[in-house]
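Enquirer: The C-terminal residue of the sequence shown carries number 596 in my numbering, and the numbering is unbroken. Note that CB positions come from ideal geometry on N, CA and C, so glycine has one too. From a predicted model like this one, the values you see are computed outputs, not experimental measurements.
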Amino acid sequence: MDSFHWLEDLFTSTDSVAHIALLYAIVIALGVYLGKIKIGGISLGVTFVLFAGIVAGHIGFTAPTPILTFIQDFGLILFVFMIGMQVGPGFFESFGTAGVKLNGLAATAILLNILVMFACYFIFFDTSNVTNLPMMVGTLYGAVTNTPGLGAANEALQSVFPSGAPQIASAYACAYPLGVLGIIGATILIRYICKVRLEDEEEQLTAMEETNANKKPYKMHLEVTNKYLEGKTLLQVHDFLNRDFVVSRLVHQGELCIPNRDTIFHLGDQMLIVCAEADQEAIMAFIGPKLDIDFEQSDQPLVSKRILITNPNINGKTLASMHFSSVHGVNVTRVTRHGMDLFATAALPLQVGDKIMVVGPEDAVDRVANKMGNSIRRLNAPNIATIFVGIFLGIIFGSLPLAIPGMPVPMKLGIAGGPLIIAILIGRYGYKIHLVTYTTTSANMMLREIGLVLFLASVGIKAGAGFFETVVEGNGLLYVLTGFLITIIPILIVGPIARLKFKFNYFTIMGMIAGTYTDPPALAYANSVCSKEAPALGYSTVYPLSMFLRIFTAQIVVLFFCG
Numbered sequence: 034m035d036s037f038h039w040l041e042d043l044f045t046s047t048d049s050v051a052h053i054a055l056l057y058a059i060v061i062a063l064g065v066y067l068g069k070i071k072i073g074g075i076s077l078g079v080t081f082v083l084f085a086g087i088v089a090g091h092i093g094f095t096a097p098t099p100i101l102t103f104i105q106d107f108g109l110i111l112f113v114f115m116i117g118m119q120v121g122p123g124f125f126e127s128f129g130t131a132g133v134k135l136n137g138l139a140a141t142a143i144l145l146n147i148l149v150m151f152a153c154y155f156i157f158f159d160t161s162n163v164t165n166l167p168m169m170v171g172t173l174y175g176a177v178t179n180t181p182g183l184g185a186a187n188e189a190l191q192s193v194f195p196s197g198a199p200q201i202a203s204a205y206a207c208a209y210p211l212g213v214l215g216i217i218g219a220t221i222l223i224r225y226i227c228k229v230r231l232e233d234e235e236e237q238l239t240a241m242e243e244t245n246a247n248k249k250p251y252k253m254h255l256e257v258t259n260k261y262l263e264g265k266t267l268l269q270v271h272d273f274l275n276r277d278f279v280v281s282r283l284v285h286q287g288e289l290c291i292p293n294r295d296t297i298f299h300l301g302d303q304m305l306i307v308c309a310e311a312d313q314e315a316i317m318a319f320i321g322p323k324l325d326i327d328f329e330q331s332d333q334p335l336v337s338k339r340i341l342i343t344n345p346n347i348n349g350k351t352l353a354s355m356h357f358s359s360v361h362g363v364n365v366t367r368v369t370r371h372g373m374d375l376f377a378t379a380a381l382p383l384q385v386g387d388k389i390m391v392v393g394p395e396d397a398v399d400r401v402a403n404k405m406g407n408s409i410r411r412l413n414a415p416n417i418a419t420i421f422v423g424i425f426l427g428i429i430f431g432s433l434p435l436a437i438p439g440m441p442v443p444m445k446l447g448i449a450g451g452p453l454i455i456a457i458l459i460g461r462y463g464y465k466i467h468l469v470t471y472t473t474t475s476a477n478m479m480l481r482e483i484g485l486v487l488f489l490a491s492v493g494i495k496a497g498a499g500f501f502e503t504v505v506e507g508n509g510l511l512y513v514l515t516g517f518l519i520t521i522i523p524i525l526i527v528g529p530i531a532r533l534k535f536k537f538n539y540f541t542i543m544g545m546i547a548g549t550y551t552d553p554p555a556l557a558y559a560n561s562v563c564s565k566e567a568p569a570l571g572y573s574t575v576y577p578l579s580m581f582l583r584i585f586t587a588q589i590v591v592l593f594f595c596g
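#1: Go ahead and pull the three-state DSSP assignment for H356.
#2: Below 8 Å on the Cβ atoms is my contact criterion, and I expect L468 with I459 to pass it. Report the Cβ-Cβ distance as a whole number of Å.
#3: With DSSP collapsed to three states, give me the class of P553.
#4: First and last residue of the beta strand (DSSP E) that includes P394?
#5: If K565 and L238 are in contact, beta carbons under 8 Å, what's the gap, nearest whole angstrom?
#6: How about H91 and F501: are their beta carbons less than 9 Å apart?
#7: Taking the alpha-carbon of I217 as reference, which of L525, S281, L335 and F158 has the nearest alpha-carbon?
#8: Excluding sequence positions up to five away, which residues of its chain have a Cβ less than 6 Å from the Cβ of K338?
#9: Considering only their Cβ atoms, is the gap separating T266 from D233 smaller than 9 Å?
#10: Taking 9 Å as the threshold (C-beta atoms), are F112 and P181 in contact?
#11: Which class does N560 belong to by DSSP, given the choice of helix, strand or coil?
#12: Could you compute how far the alpha carbon of Q333 sits from the alpha carbon of G301?
#13: Is there contact here, the region 171 to 191 with the region 206 to 213, by at least three beta-carbon pairs under 8 Å?
#14: From C153 to L40, what does the alpha carbon distance come to, in whole angstroms?
#15: Can you tell me whether N403 is helix, strand or coil according to DSSP?
#16: Suppose the cutoff is 6 Å on Cβ atoms and the five residues either side in sequence are ignored; what does the same chain contact list for L578 look like?
#17: Need the endpoints of the beta strand (DSSP E) that F278 sits in, please.
#18: Return the chain-ordered list of same chain residues with a C-beta closer than 7 Å to the C-beta of G132, the five sequence neighbours on each side being excluded.
#19: Strictly by DSSP, which residues pair up with Q303?
#20: For the pair the region 477 to 497 and the region 99 to 117, tell me if three or more CB-CB distances fall below 8 Å.
#21: How should V527 be labelled, buried or exposed, when 16 other C-beta atoms within 10 angstroms of its C-beta is the threshold for buried?
#22: CA-CA distance, L190 and L426?
#23: What do you get for Q286, buried or exposed, if any count of 16 or more other CB atoms within 10 angstroms of its CB means buried?
#24: Do the region 304 to 321 and the region 268 to 278 touch if we need at least three Cβ pairs shorter than 8 Å?
#25: From which residue to which residue does the beta strand (DSSP E) around S337 run?
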């Protein structure tokens with residue numbers, strides 16, 4: 034038996050690095066695998082790592098508290114920073130006409146979540162017990178299935194309870210499972226409250242796709258018949274029409290050429306124009322009628338090629354500043370970013386990872402490709418310096434104390450809020466200070482998930498020791514009940530308003546609710562009942578602001594009311 038002492042020491046010697054690594058490996062692997070189990074088509078996903086950690090902590094399979102705390106905080110920093118990098122490029126663009134309304138509804142739901150939490154606190158709990166309100170904050174973030182908010186609240190509690198903060202992860206764990214089910218259930222209930230027929234909603238989306246002109250690139254072949262254009266340059270025509278368009282090829286007296294800003298228009302010229310779909314009618318009315326020809330098929334000397342931007346020196350430069358037509362003799366007709374086609378306006382800043390459609394002579398296109406980089410191998414190399422520069426700035430920013438009257442301690446955005454805000458700003462404006470912010474989707478997801486599972490495992494292990502006493506002998510059932518109310522009441526208020534007052538499509542509302550609660554299972558359910566992109570668009574429109582507000586309000590509630 035003595036020969037197995039090494040194995041016993043591996044599981045019981047809490048100070049050894051091997052024991053700590055083994056602890057996290059077992060908790061994370063077990064949690065991830067169990068999280069894949071679906072009940073009624075719904076799974077808890079990676080959040081099950083929290084429950085695996087609770088079990089480990091309960092049976093005494095643990096590690097020194099300072100190490101658990103370090104890994105927990107580092108995991109949280111990595112998680113929220115990579116979220117910020119992901120949502121940053123679209124954060125400010127999400128506030129379009131419909132985006133303002135959707136984000137307003139999302140912010141209203143978040144406020145209602147907090148108000149319902151306080152109502153439940155005053156109705157169901159003893160307000161003289163100083164730990165009950167922090168536990169309700171944990172219940173709130175379990176009910177809205179928002180792990181970063183839990184991390185932000187946990188961190189804020191450390192400053193309010195320096196001698197030992199309540200283990201709010203216990204309340205979070207109680208409310209989370211029913212929170213996932215409640216979001217989907219309340220969304221379904223809205224369908225019956227508002228008497229929605231899914232078939233009608235699908236037809237409405239199809240009609241909108243057919244009738245709504247948008248910014249997708251649109252190609253057409255035109256002949257110059259407007260006498261006013263005789264002798265005018267392409268730049269003059271562009272300025273007069275005041276519409277964004279690119280003339281990628283032009284045929285004059287049978288000769289095909291790549292036009293530039295100084296190219297002169299003549300009656301009878303034929304051209305291939307790329308413009309925004311909404312502008313096609315105006316451009317055609319001004320220049321001339323469509324032609325039933327295809328230069329792209331008949332043009333042998335010229336080529337069209339998608340070029341990947343991987344040269345860091347190009348990051349942030351606008352299309353106009355690159356002088357593609359005047360210097361290189363080619364035209365850029367569209368830009369693809371994060372899988373979406375963008376119209377190639379002169380003021381559009383290019384970013385590493387963009388793909389540009391370049392049209393021109395083959396040798397000129399090849400020269401542009403070399404200048405842009407066009408190296409998938411280079412793009413796959415991680416820009417790890419940007420990540421850690423951002424984390425450094427985020428921690429500094431999050432540590433700035435803001436003294437607010439009525440608060441027991443100065444407010445700080447902390448290691449959750451600071452890195453999140455800096456990551457959003459770097460993701461959107463990093464190119465201005467020559468930071469290469471591009472990260473492949475798979476790399477972002479990998480770093481984000483590693484941070485999340487480290488955080489969840491640490492929180493679970495620390496909370497495990499007293500979890501069952503809290504749930505079985507304490508207020509566990511009340512956390513489940515109040516969590517359910519916190520989940521569904523705001524949805525049942527905001528959902529019908531979005532439908533009946535603002536007339537949003539039901540599938541857009543489903544995505545908006547999933548994004549407000551930052552809940553991927555709810556989005557997966559919405560996608561399963563809709564063949565269009567409306568749920569994903571609703572989700573992505575409100576997700577950046579919702580994630581920020583969840584983290585920010587967690588600290589506000591704790592610092593203002595739990596002190």
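Expert: In short, the structure shows the following:
#1: coil
#2: 6 Å
#3: It is helical.
#4: Under the DSSP assignment, P394 falls in the beta strand (DSSP E) whose first and last residues are K388 to P394.
#5: 5 Å
#6: yes
#7: Ranking the options by Cα distance to I217, first place goes to L525.
#8: V391 and V398
#9: no
#10: yes
#11: helix
#12: At Q333, the pLDDT of 46 sits below 50, so the modelled position is not reliable; the number obtained from the coordinates is stated separately. If you take the alpha carbons of Q333 and G301, they lie about 22 Å apart.
#13: yes
#14: Cα-Cα distance, rounded: 48 Å.
#15: Three-state result, N403: helix.
#16: N136
#17: F278 to H285
#18: T574
#19: E256 and V284
#20: yes
#21: Counting other Cβ atoms within 10 Å of its Cβ, V527 reaches 16 or more and is therefore classed as buried.
#22: Roughly 23 Å separates the two Cα atoms.
#23: Counting Cβ neighbours within 10 Å, Q286 comes out exposed, since fewer than 16 surround it.
#24: yes
#25: L335 to L341
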